[in-house]
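Participant: Take this structure, written in structure tokens, and hold onto it; I'll ask about it next.
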Amino acid sequence: MIRQAVLDDLEQLALLNDQVHALHLEMFPGEFRQPSRAELKNWFRSCITDENTRLFVFHRKEEIRGYLILIFRTVPENPFKPARQYAYLDQICVNSANRRQGIARELMNAAVEAAGQKGITTIMLDVWSENTVAKQTFERLGFKTVLERMEYKSR
Numbered sequence: 004m005i006r007q008a009v010l011d012d013l014e015q016l017a018l019l020n021d022q023v024h025a026l027h028l029e030m031f032p033g034e035f036r037q038p039s040r041a042e043l044k045n046w047f048r049s050c051i052t053d054e055n056t057r058l059f060v061f062h063r064k065e066e067i068r069g070y071l072i073l074i075f076r077t078v079p080e081n082p083f084k085p086a087r088q089y090a091y092l093d094q095i096c097v098n099s100a101n102r103r104q105g106i107a108r109e110l111m112n113a114a115v116e117a118a119g120q121k122g123i124t125t126i127m128l129d130v131w132s133e134n135t136v137a138k139q140t141f142e143r144l145g146f147k148t149v150l151e152r153m154e155y156k157s158r
């Protein structure tokens, strides 16, 4: 079942986040740091209470098996582009023991519905180019690459 997260979910959300964050720390050690449990719970608390964010959880009985964080954003008009609204998929995580069971798709359906209720038809996300598993998952969920960001680091 899908529902919006509540404050009582903070501990389970933090535990689930440990799985995906461990992967990020391993793949990109210079880009990520290990937050304290308190920092992580405070961050999830802000996601639950922010009016422009939806934090959906997939649960069976009392166990959260996945979550998705969706942020509604507005970009103002500028000389080159019109104003636009979109939803940003900030995080999606499915418990490693529950993958390949359609949980990510159900969470994504909830995100599409929430965006649609606000008249938003575009959902965007960022994915690390080396994270091929995530890229394949997002493609299966219907995402297409529309922009590639490059980085230059001086020595």
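Position one of the sequence shown corresponds to residue 4 (the working numbering), numbered consecutively onward. Ideal Cβ placement from N, Cα and C applies to all residues, glycine included. The structure presented is a predicted model; accordingly, all values stated were derived computationally and were not measured.
#1: Identify the residues that DSSP records as bridge partners of I126: which are they?
#2: Is it right to say N81 is buried, meaning 16 or more other beta carbons lie within 10 angstroms of its own, or is it exposed?
#3: Hey, how far is the Cα of K147 from the Cα of H62?
#4: Using the Cα positions of V78 and F47, report the straight-line distance between them to the nearest angstrom.
#5: In three-state terms, what does DSSP make of V9?
#6: So the candidates are A100, E154, L73; which of them puts its Cα closest to the Cα of M127?
#7: So F141 is in the alpha helix (DSSP H); what residue range does that whole segment cover?
Facilitator: Reading it off the structure:
#1: Counting from 1 along the sequence shown, the entry for residue 126 is found at position 123. Per DSSP, A90.
#2: Stepping through the sequence shown from its first residue, residue 81 is reached at position 78. Exposed: under 16 other Cβ atoms inside 10 Å.
#3: In the sequence shown, residue 147 corresponds to position 144, counting from 1. In the sequence shown, residue 62 corresponds to position 59, counting from 1. One C-alpha to the other measures close to 28 Å.
#4: As a first step, residue 78 must be located in the sequence shown, where it is residue number 75. As a first step, residue 47 must be located in the sequence shown, where it is residue number 44. Those two C-alpha atoms are separated by around 24 Å.
#5: In the sequence shown, the residue the question calls residue 9 occupies position 6. Three-state DSSP puts V9 in coil, outside helix and strand.
#6: Translated into positions along the sequence shown, residue 127 becomes position 124. Minimum Cα-Cα distance from M127 among the listed residues A100, E154, L73 corresponds to L73.
#7: Reading the sequence shown from its first residue, position 138 is the one you call residue 141. Per DSSP, F141 belongs to the alpha helix (DSSP H) from 135 to 143.
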